[in-house]
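Here the sequence shown is numbered in this note's numbering, starting from 30 and rising by one per residue. Think of the CB as a built atom: it goes at the ideal place given N, C-alpha and C, for glycine as much as any other residue. In this text, all values refer to a predicted model and were calculated from it rather than measured experimentally.
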Amino acid sequence: MLITGGPTRFFNFHAPVVLLGGVGSAMVGSHCEGHIVVTASDVVIQTVTAVGVIGFAERTTIERSTFKGMRWDIGIELAGGSGHTITQNEVIDHICNIRLRDASASVISENRLEGRWWAVHLTNCNHIGVIENKVSNTMRAVNVHSGSGSTIIGNWVADGDSAALIEFGATDTAVLDNHIERCRIGVLVWDAPTTRVGHNTYVDLHEEEPVVTGPE
30 MLITGGPTRF FNFHAPVVLL GGVGSAMVGS HCEGHIVVTA SDVVIQTVTA
80 VGVIGFAERT TIERSTFKGM RWDIGIELAG GSGHTITQNE VIDHICNIRL
130 RDASASVISE NRLEGRWWAV HLTNCNHIGV IENKVSNTMR AVNVHSGSGS
180 TIIGNWVADG DSAALIEFGA TDTAVLDNHI ERCRIGVLVW DAPTTRVGHN
230 TYVDLHEEEP VVTGPE
């Protein structure tokens, strides 16, 4: 199914075409020439092609879909809620591929991500799992900005500035078992002293020290 007829897009502003406002509604196997907006709980978006998703609900599932931006926009942006699952998607050509704000107990896994600045950006989120994603050619692969208890595990990251940036007082973040190559540094921890950086594999980094912490 091809879905068109949304507003003319102005620069990087959202151009909503589909509204999923019914509890438990689903969008499957469609091509959408714009953004999908989610305002109800337990929505499933599966095997679709679109510009992006904007969500304001509980337990949103986004899987096996493709989202392509214009390099200045956000691919998947979920504000609030818990129990979200974002898995096995391809999200490319956005300034930020996936952004969660004030969300909790959610999983971002097995996605292929390629963006300009952020692949995954967590702002004031709690207990988010960023697991086994493949990230390339992106400035910051994973940025944890405040929040608590998130885990960055088993991701493959290449050809960016840093694989993980943990900052602004984020607490109890774990960065473990990631493969990081051809980046400037591996992990930057800034004003987040309870971060745990465990075993990660670092290959051909530009800086001598793979993990940088501060401020001193």
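ask   = What distance in whole Å lies between the Cβ atoms of Ser138 and Cys154, which are believed to be in contact at a cut-off of 8 Å?
value = With a Cβ gap of about 15 Å, Cys154 and Ser138 do not count as contacting.
ask   = For Glu119, which residues from the same chain have a beta carbon less than 6 Å from its beta carbon, with the 5 sequence-adjacent residues on both sides left out?
value = Thr95 and Arg141
message = Can you tell me whether Ser70 is helix, strand or coil according to DSSP?
response = coil
task = Please classify Arg100: is it buried, with 16 or more other beta-carbons within 10 angstroms of its beta-carbon, or exposed?
result = exposed
task = Name the one or two DSSP bridge partners that Trp185 has.
result = Bridge partners of Trp185: Lys163 and His208.
ask   = With a Cβ-Cβ cutoff of 9 Å, do Gly144 and Ile121 count as a contact?
value = yes
key: Buried/exposed call for Thr68, threshold 16 Cβ in 10 Å   = exposed
task = Assign Glu106 to one of two classes, buried (16 or more other C-beta atoms within 10 Å of its C-beta) or exposed (fewer than that).
result = buried
query = Under a Cβ-count criterion, where at least 16 other Cβ atoms within 10 Å of its own Cβ denotes burial, should Val173 be classed as buried or exposed?
reply = buried
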